[in-house]
Every structure is written in C-alpha cells, then in structure tokens.
Amino acid sequence: MTIALELQQLKKTYPGGVQALRGIDLQVEAGDFYALLGPNGAGKSTTIGIISS
Numbered sequence: 001m002t003i004a005l006e007l008q009q010l011k012k013t014y015p016g017g018v019q020a021l022r023g024i025d026l027q028v029e030a031g032d033f034y035a036l037l038g039p040n041g042a043g044k045s046t047t048i049g050i051i052s053s
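Next up, the structure:
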C-alpha cells in the first residue's frame with residue numbers, strides 16, 4: 001500500500017529546554033484512520049501542529 005504520512009524521530013523542544021516530543025515514529029498508509037490519544041500535556045496538539053504545517 002501507499003504511505004500517506006511518515007514521521008521518523010520527530011522531536012520538539014521549546015525554549016528553556018522543555019521537551020514536548022522525543023523520538024516519535026509513525027507510518028500511516030493511504031486509507032487508514034488513526035486516533036491520537038493521551039492525557040493533557042502529552043504532545044497531541046504539538047504533533048498535529050507539526051504534521052499540518
């Protein structure tokens with residue numbers, strides 16, 4: 001199948017050294033659906049923001 005999205009070692013560090021994301025790997029094939037779940041402050045919005053930019 002065709003890969004629609006692939007992330008390798010995604011990371012995000014905010015000023016002051018706060019790590020929001022560290023080493024995120026993800027591969028989504030065309031036609032697949034995924035949900036990004038987790039508690040407050042887990043980096044869900046940060047991840048989606050990076051993907052959509």
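When we follow the UniProt record's numbering, the leftmost residue of the sequence shown carries the number 1, and every step to the right adds one.
Every residue, glycine too, gets a C-beta built ideally from N, C-alpha and C.
Residues of its chain near residue i, where Cβ-Cβ distance is below 7 Å and the 5 sequence neighbours each way are ignored
i	result
residue 46	12, 20 and 21
residue 16	none
Residue closest to residue i, alpha-carbon to alpha-carbon, out of the options
i	options	result
residue 42	8, 18, 1 and 31	18
residue 3	39, 33, 40 and 44	33
residue 23	14, 36, 9 and 35	9
Own chain partners of residue i with C-beta closer than 8 Å, once the 5 adjacent residues on each side are dropped
i	result
residue 6	26, 27 and 28
residue 44	36, 37 and 38
residue 51	5 and 7
residue 14	20
CB of residue i within 9 Å of CB of residue j, strictly
i	j	result
residue 31	residue 1	yes
6 Å CB neighbourhood of residue i in its chain, flanking five on each side removed
i	result
residue 53	none
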